[in-house]
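Position 22 (the sequence shown) corresponds to 22 in UniProt numbering; numbering is contiguous. Beta carbons: idealized from backbone N, C-alpha and C, even for Gly.
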Amino acid sequence: MSIQQKIAAITVPFDLGAGRRGASQGPKSIMQAGLIRSIQQMDLTIDSITDISLGEVTATAIDAEQDITNLNYLAEVIEINTRLSEQVSQAAQRGDFPLIIGGDHSIAIGTLAGLSSHYTNLGVIWIDAHSDLNTADTSPSGNIHGMSLAVSLGIGHPLLTNMKGLQPKLKPENIVLIGCRSLDEGEKKLIRSLGIKCFTMYDIDRKGMAHVMQEAIDYLKDRTDGLHVSYDVDSLDPNEAPGTGTAVNGGLHFREAHLAVEMLHEAGIVTSAEFVEVNPLLDVNNKTSQLAVGLISSLLGKQIL
């Protein structure tokens, strides 16, 4: 981000896209762990703090469709993402740096929809144990947080890909997946068929995080006119981030996680970010919320020295 940019913080206490409840409490927990104070200590300006909560949802037609499409809480996911898209778009229009705090990863649908209208070639670095490239046909659970990147590519059920006001415009060549280690068969096929660049934990183990991040930055910096970072805390090893609903062993270590965002800040190409899937109900001594504050701060420019 540019040091002159103001930050538009958007909290989204929503967890109906996930299979376990609790991520809806993530934004409040991250805020209580000192996020605003940490940002202000870096002499950055917070232009606004907006909370987007789910109101009353009445969508009989969608509910009826939901019963036969393996899409859990479809109406609610559409409602929250439509509202989020509007807020993100307004922040981008003002020239602010949208910083979205979730919530489960289904909110990326609204984030990316809100950003995509402001960029011709929006790039995305997706740091996650999963690729979230499932559809209603390939998902073993029907939970939409596992479909958000596919929806943002325009792949999936029309009720998601064509929801009002959300016109996903991502291009597969503008996406880099980092930290994947739990991929369903349908996702593997989609990654290969679309040619999405994917650095799994094997790649990080073999090459090192610094090499992987530099390769990702070099790959995206000239082909994109904006770069969004979507950071799922389950990308980290459960020993580092126990407070998340879909933990997978063998993830990023603390310094690998920080190095990734530190290098992104140094590259000066990040224009927005979201951090998701902190679940305080599963956390240990607020460890994951505090980690999230540290990662966000590193992305925004906090340094060791």
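Among the options, nearest to residue i - alpha-carbon criterion
{"i": "Q25", "options": "Q303, T288, I304 and L295", "result": "T288"}
{"i": "L35", "options": "Q303, L291 and L305", "result": "L291"}
{"i": "residue 325", "options": "N72, T50 and I127", "result": "A query on residue 325 cannot be resolved here, the shown segment of the chain reaching from 1 to 305 and no further."}
{"i": "T50", "options": "L71, L44 and K28", "result": "K28"}
{"i": "I155", "options": "G146, S139, E173 and T135", "result": "T135"}
{"i": "T138", "options": "D184, H130, E173 and T161", "result": "D184"}
{"i": "A23", "options": "I107, A8, I7 and L44", "result": "I107"}
{"i": "G114", "options": "I217, M163, L71 and G146", "result": "M163"}
{"i": "R223", "options": "N121, A18, L16 and P98", "result": "N121"}
{"i": "E86", "options": "I52, L71 and F97", "result": "I52"}
{"i": "H211", "options": "M263, K221 and N249", "result": "M263"}
{"i": "N249", "options": "A33, I109 and G179", "result": "G179"}
{"i": "K189", "options": "A150, Q40, A8 and A33", "result": "A150"}
{"i": "F97", "options": "H157, M201, L112 and V270", "result": "V270"}
{"i": "N70", "options": "H157, L112 and L281", "result": "H157"}
CB of residue i within 7 Å of CB of residue j, strictly
{"i": "S38", "j": "S297", "result": "yes"}
{"i": "G301", "j": "M31", "result": "no"}
{"i": "L259", "j": "S235", "result": "no"}
{"i": "L229", "j": "I100", "result": "Checking the sequence shown, residue 229 turns out to be Val, not Leu. No. Outside cutoff."}
{"i": "Y73", "j": "D225", "result": "no"}
{"i": "H265", "j": "L295", "result": "no"}
{"i": "V293", "j": "G243", "result": "no"}
{"i": "A257", "j": "R181", "result": "no"}
{"i": "G17", "j": "V77", "result": "yes"}
{"i": "L44", "j": "I80", "result": "no"}
{"i": "A33", "j": "A91", "result": "no"}
Inter-residue spacing [alpha-carbon to alpha-carbon] between residue i and residue j
{"i": "I144", "j": "T82", "result": "15 Å"}
{"i": "I46", "j": "F275", "result": "17 Å"}
{"i": "L153", "j": "K171", "result": "7 Å"}
{"i": "D232", "j": "A75", "result": "23 Å"}
{"i": "V88", "j": "S116", "result": "10 Å"}
{"i": "L227", "j": "E215", "result": "15 Å"}
{"i": "Q5", "j": "G95", "result": "7 Å"}
{"i": "V12", "j": "G102", "result": "5 Å"}
{"i": "H105", "j": "S193", "result": "23 Å"}
{"i": "F254", "j": "G208", "result": "14 Å"}
{"i": "G245", "j": "D218", "result": "32 Å"}
{"i": "I304", "j": "G142", "result": "42 Å"}
{"i": "S131", "j": "G146", "result": "8 Å"}
{"i": "S272", "j": "P140", "result": "31 Å"}
{"i": "D15", "j": "R206", "result": "35 Å"}
{"i": "I204", "j": "V261", "result": "15 Å"}
{"i": "L160", "j": "A247", "result": "26 Å"}
{"i": "L177", "j": "I109", "result": "16 Å"}
{"i": "L220", "j": "Q93", "result": "23 Å"}
{"i": "G268", "j": "R20", "result": "36 Å"}
Contact belief for residue i with residue j at Cβ below 8 Å, rounded distance in angstroms
{"i": "I10", "j": "L84", "result": "7 Å"}
{"i": "L133", "j": "E187", "result": "4 Å"}
Stretch-stretch touch, CB-based, cutoff 8 Å, three pairs: the segment 195 to 206 with the segment 237 to 246:
no
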